[in-house]
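Working notes, beginning with the structure itself.
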Ligand SMILES: Nc1ncnc2c1ncn2[C@@H]1O[C@H](COP(=O)(O)OP(=O)(O)OP(=O)(O)O)[C@@H](O)[C@H]1O
Ligand SMILES: [Mg+2]
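Set out below in structure tokens:
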């Protein structure tokens, strides 16, 4: 069954069409990045999915059901939302124990979840003294309480330091690829998710502009190979003879289209030319993103 | 539902506000009792009679005992904060993610608010008993439960203080802003209600307000110098209070269940 399914979802706030006919799905065992610039409608979509906002039309389903109809939602869906906050006077453990009581989970889950995000030592400290990154981890630990199989995370990397981001990437991949969870993670910073996600859904001004696998998106048509060689005068014509389009970038550096790196290597060997660099150019994801969202 | 009530009780007792409120309540009731005790039987020159009956009388016991109702405002503030702090600190998101059926959350809050009211009322009654019983016995009075109507006054205090928890939750759900809610509660209890319940001319209106209904339930029948109050009968007061409780419960759920949380 499709873990997350969004169909023709629309929601307006006054005259602002925050989400305007968005559809996509997320399957178990994969991480999907939900990308878009500020104000694109990411948070609104996720809040509709979680029953916090009532959509004007369309449907947003988890495991084929509306979130609000789930009998034990935290055991099925773990969510972290942007505006999740904590009472500053309450300790981290107390915060989680409250959620345990409300969800009917044993209190031990509070400590276990805290340990999973590396906050075991500060469980009895008031959240008021936590850094942004610690709060983000605490929010994540509340999503882990019920050991769910679906994760919906709104900008979870906000406020994390490089080590924290690295840890989060590994954690999300582990959840999806090792534990078979479905992970939907939003971000407006591409670099953040580029190394984590399998699939990408891009939205701008409330409308879906692109969805597909990360590979599909980045090997977007014309990919080129950069070749640095000892003797480009020999190599260039030989590559052209093999059907490539060759562009002389500078002395000793060629940009080759129409052949992949291994074909280039083979031709260089045949011509007895020494290669000092061969790089497959990927079309820059950031560039693709800016083009698609019209933010140039 | 017990899990949800447990969660709400934990929310209440894992922050500091509850004992601050409890402490302030005890101080206020203590001051009030000191005043009632010190000025008991002191004759008022102008009217020629005593504003507060003597300590040995059953009427004094009744008046002093009713000081235990002074906790209502604090329970009401606690109720306001139980709702508004969820919006203020945005914990409401986590609350509704855990329990998407929002009506149940409101229900649990109402139960918890009433329980907190009961607790506050019990503590207030313990303080009142600790002052009033020795004071009247030392002044040569007798402690007659039927004449001083201690059981009825105590019951009135327990019921009305609990219901003020519901009022607070209803008010909090309505305004959602913490400061506005607390100011609203204080103005309501200290300005509007005290005007309408203290001035006899306004009693025809005041007896229908929660404060007046609470007085009716306690059946305090002592002339404070401004004329004898005309409350509803005790059962009428009880009905009015319960109606208010239901009204505020309905307000709390109606304003919460369908609202977008963004
Ligand atoms: N409660 C609200 N009232 C009015 N407008 C709103 C509300 N919530 C969101 N909007 C509007 O809806 C649009 C989408 O907002 P949303 O928060 O979903 O964007 P986002 O993609 O999450 O942006 P960001 O990357 O900044 O978090 C914006 O134009 C925003 O101003
Ligand atoms: Mg957002």
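Residue numbers (my numbering), protein chains in the order written: chain A, 1 to 296; chain B, 1001 to 1262. Ideal Cβ placement from N, Cα and C applies to all residues, glycine included. Keep in mind it's a predicted model, so treat the numbers as computed, not measured.
Classify residue 108/A: buried if its beta carbon has 16 or more other beta carbons within 10 angstroms, exposed otherwise. An exposed status is given to residue 108/A, since fewer than 16 other beta-carbon atoms sit within 10 Å of its beta-carbon.
Which ranges would you report for the alpha helix (DSSP H) in the stretch 128-179 of chain A if only whole runs of at least 4 residues count? Segments of the alpha helix (DSSP H) lying fully in the stretch 128-179 of chain A: 132-144, 162-173.
If we cut at 9 Å on Cβ distances, does residue 45/A have a partner in chain B? Using a Cβ-Cβ cut-off of 9 Å, residue 45/A does not count as an interface residue toward chain B, since no Cβ of chain B sits closer than that to its own.
The beta strand (DSSP E) with residue 1052/B in it runs from where to where? Per DSSP, residue 1052/B belongs to no beta strand (DSSP E) and is neither H nor E.
So with Cβ pairs under 9 Å, would you call residue 296/A a contact of chain B? Its pLDDT being 46, under 50, residue 296/A is placed unreliably by the model, and nothing is read from it.
Taking 9 Å as the threshold (beta carbon to beta carbon), is residue 200/A in contact with chain B? It does not: the Cβ of residue 200/A has no partner Cβ on chain B nearer than 9 Å.
Based on the DSSP secondary-structure assignment, which residues constitute the bridge partners of residue 1148/B? Beta-bridge pairing by DSSP links residue 1148/B to no other residue.
Anything in chain A within Cβ reach of residue 1089/B, meaning under 8 Å, just list it in chain order. Scanning chain A for C-beta atoms nearer than 8 Å to the C-beta of residue 1089/B yields 85, 86, 87, 88, reported in chain order.
Quick one: does residue 34/A have its CB under 9 Å from some CB of chain B? By this cut-off, residue 34/A is not an interface position.
Thinking C-alpha only, which one of 22/A, 30/A, 206/A is nearest residue 171/A? Among 22/A, 30/A, 206/A, the Cα nearest to that of residue 171/A belongs to 30/A.
Residues sharing a beta bridge with residue 79/A, DSSP: 152/A, per the DSSP bridge assignment.
Residues of chain B with CB under 7 Å from residue 107/A, in chain order? Neighbours of residue 107/A on chain B: none; closest Cβ ~10 Å, over 7 Å.
DSSP three-state call for residue 11/A: helix, strand or coil? Correct three-state label for residue 11/A: strand.
Compute the beta-carbon to beta-carbon distance between residue 34/A and residue 185/A, rounded to the nearest angstrom, for a pair I have assumed lies under 8 Å. About 7 Å separates the two Cβ atoms, so the contact holds.
Express the C-alpha separation of residue 1090/B and residue 1179/B in angstroms, rounding to a whole number. Residue 1179/B and residue 1090/B have their C-alpha atoms some 15 Å from each other.
Tell me which same chain residues have a C-beta within less than 6 Å of the C-beta of residue 276/A, skipping the five on either side of it? The residues are 228.
Where residue 217/A falls, given that 16 or more other Cβ within 10 Å makes a residue buried: Label assigned to residue 217/A: buried.
Could you name the residues of chain A that residue 1011/B contacts, counting a contact when the two beta carbons are closer than 7 Å? The answer, in chain order, is 98.
For residue 38/A, name the three-state secondary structure that DSSP assigns. The answer is coil: DSSP assigns residue 38/A none of H, G, I, E or B.
Any chain B beta carbon closer than 9 Å to residue 17/A: Not closer than 9 Å to any Cβ of chain B, the Cβ of residue 17/A fails to qualify, so no.
Among the residues of its own chain, which have a CB less than 7 Å from the CB of residue 1245/B, if the five just before and after it don't count? The beta carbon of residue 1245/B sits closer than 7 Å to those of 1163, 1166, all from its chain and outside the five residues before and after it, given in chain order.
Any heavy atom of ligand 1 closer than 8 Å to the CB of residue 139/A? Every heavy atom of ligand 1 is 8 Å or more from the Cβ of residue 139/A, so no.
Interface flag, residue 1097/B vs chain A, CB-CB below 9 Å: Contacts with chain A at 9 Å (Cβ-Cβ) include residue 1097/B.
Using three-state DSSP, classify residue 1177/B as helix, strand or coil. Coil, per DSSP.
Partner residues on chain B for residue 103/A, Cβ-Cβ distance less than 9 Å: For a Cβ distance threshold of 9 Å, residue set 1003, 1007, 1098, 1099 of chain B lies close to residue 103/A, ordered along the chain.
Answer with buried or exposed for residue 62/A, where buried requires no fewer than 16 other C-beta atoms within 10 angstroms of its C-beta. Note on residue 62/A: 16 or more other CB atoms within 10 angstroms of its CB, so buried under the neighbour-count rule.
Against chain B, does residue 182/A count as a neighbour if the rule is that its beta carbon must be under 9 Å from one of theirs? By this cut-off, residue 182/A is not an interface position.
Which value, in whole angstroms, describes the spacing of the CA atoms of residue 1126/B and residue 1098/B? Their Cα atoms are separated by approximately 38 Å.
Quick one: which unbroken beta strand (DSSP E) runs of 3-plus residues sit fully inside the stretch 96-128 of chain A? Chain order, please. Counting whole runs of 3 or more residues, the stretch 96-128 of chain A contains no beta strand (DSSP E) stretch at all.
Please work out which residues of its chain come closer than 7 Å, Cβ to Cβ, to residue 119/A, disregarding the five sequence neighbours upstream and downstream, and give them in chain order. Excluding residues within five positions, the ones whose Cβ falls inside 7 Å are 92, 134, 137, 138, 141.
So is residue 1261/B in contact with chain A if we call contact Cβ pairs under 9 Å? Residue 1261/B has a beta carbon lying within less than 9 Å of a beta carbon in chain A.
Just the chain A side, please: which residues come within less than 9 Å of residue 1014/B by C-beta, in chain order? Within 9 Å Cβ-Cβ: 87, 89, 90, 91, 94, 95, 97, 98.
Is it buried or exposed for residue 1201/B, if we count other Cβ within 10 angstroms and need 16 for buried? Residue 1201/B is exposed by the Cβ-count criterion.
Would the beta-carbon of residue 42/A be found less than 8 Å away from any heavy atom of ligand 2? For ligand 2, at least one heavy atom lies less than 8 Å from the Cβ of residue 42/A.
Check the Cβ of residue 1085/B against every Cβ in chain A and list those closer than 9 Å, keeping chain order. Close partners of residue 1085/B in chain A (Cβ separation under 9 Å): 87.
Extract the residue ranges of the alpha helix (DSSP H) inside the stretch 1030-1105 of chain B, only unbroken runs of 4 or more that lie entirely within it. The DSSP assignment places 1058-1065, 1072-1088, 1091-1098 as complete runs of the alpha helix (DSSP H) inside the stretch 1030-1105 of chain B, in order along the chain (cut-off: 4 residues).
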